[in-house]
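Note that the numbering used here has the sequence shown beginning at 250, numbered continuously upward.
Idealized CB from N, CA, C, for every residue including glycine.
Written out below as structure tokens is the structure these notes cover.
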Amino acid sequence: MHATLYRVTTNSAPLNVRSGPDISAAILGDLARGSIVTASRRAGGWLYVTDGTVSGWASGDFLADAVQMAVADLIRAGIINTPGHWLRVYRDVRWLDRLLVNLSELTFSNQTGEVGTVEEAIDVLVRAGAISSPGYWRENHGRIRHLDTLLVRAASRL
């Protein structure tokens, strides 16, 4: 299984992280609703997840594909209009899944600002907390079809 980002979707209680893929396995910790985790393997309906502080097995019933959710959020915000493209390429581009999720967590305005270049957009997105590795995106933005437009459109709407 390719490591994939998931969002915890419990109603209110935290999601238990267990030592094994079983409801009777010891609880190692928990994850708050809305937390983003990386899942690296699957055993039946359970996923092995980590959020950087706790690692273990969590029920897949309470985890949703965070990139699919992010793409849907970015469509509603008017930032992207080609969901199929982003859902196809994100697995092939390092950190693109995290960028899409981070962008989806921003609050966008209905008005467009004065961001005209990718360089300016990256600076704005760093300040907004969506990008933590600006050098990577400066170096690689031209290699990913439509990424320039995504960055400028998102930064312009903040």
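Where residue i falls: helix, strand or coil (DSSP)
i, result
"G333", "helix"
"A370", "helix"
"W344", "coil"
"T299", "strand"
"A307", "strand"
"A292", "strand"
"H390", "helix"
"N359", "coil"
"L407", "coil"
"S353", "helix"
"A377", "helix"
"A319", "helix"
"I272", "coil"
"G384", "helix"
"I328", "coil"
"V364", "coil"
Beta-carbon proximity of residue i to residue j, cut-off 9 Å
i, j, result
"L323", "L352", "yes"
"A307", "V342", "no"
"V316", "V286", "no"
"P270", "G293", "yes"
"A412", "L396", "The structure shown does not extend to residue 412, since the chain is modelled only from 250 to 407, so the question has no answer here."
"L355", "A321", "no"
"R347", "L280", "no"
"G283", "V266", "no"
"R337", "G309", "no"
"V298", "A313", "no"
"A433", "F357", "For residue 433 there is no data in the structure shown, the boundaries of the chain being 250 and 407."
"H334", "R387", "no"
Beta-bridge pairing of residue i - partner residues as DSSP gives them
i, result
"V266", "G278"
"Y255", "V286, D314"
Cβ-Cβ separation, residue j to residue i (assumed contact under 8 Å), whole Å
i, j, result
"F311", "T259", "5 Å"
"S268", "A275", "4 Å"
"L374", "H390", "The Cβ separation is near 11 Å, so there is no contact."
(message) Could you check whether the region 367–386 touches the region 312–331, counting it as contact only if at least three pairs of C-beta atoms, one from each stretch, sit closer than 8 Å?
(response) Because the criterion of three Cβ pairs below 8 Å is not met, the region 367–386 and the region 312–331 do not touch.
(message) Any contact between the region 329–340 and the region 355–363? By contact I mean 3 or more CB pairs, one from each, below 8 Å.
(response) No: fewer than three Cβ pairs fall under 8 Å.
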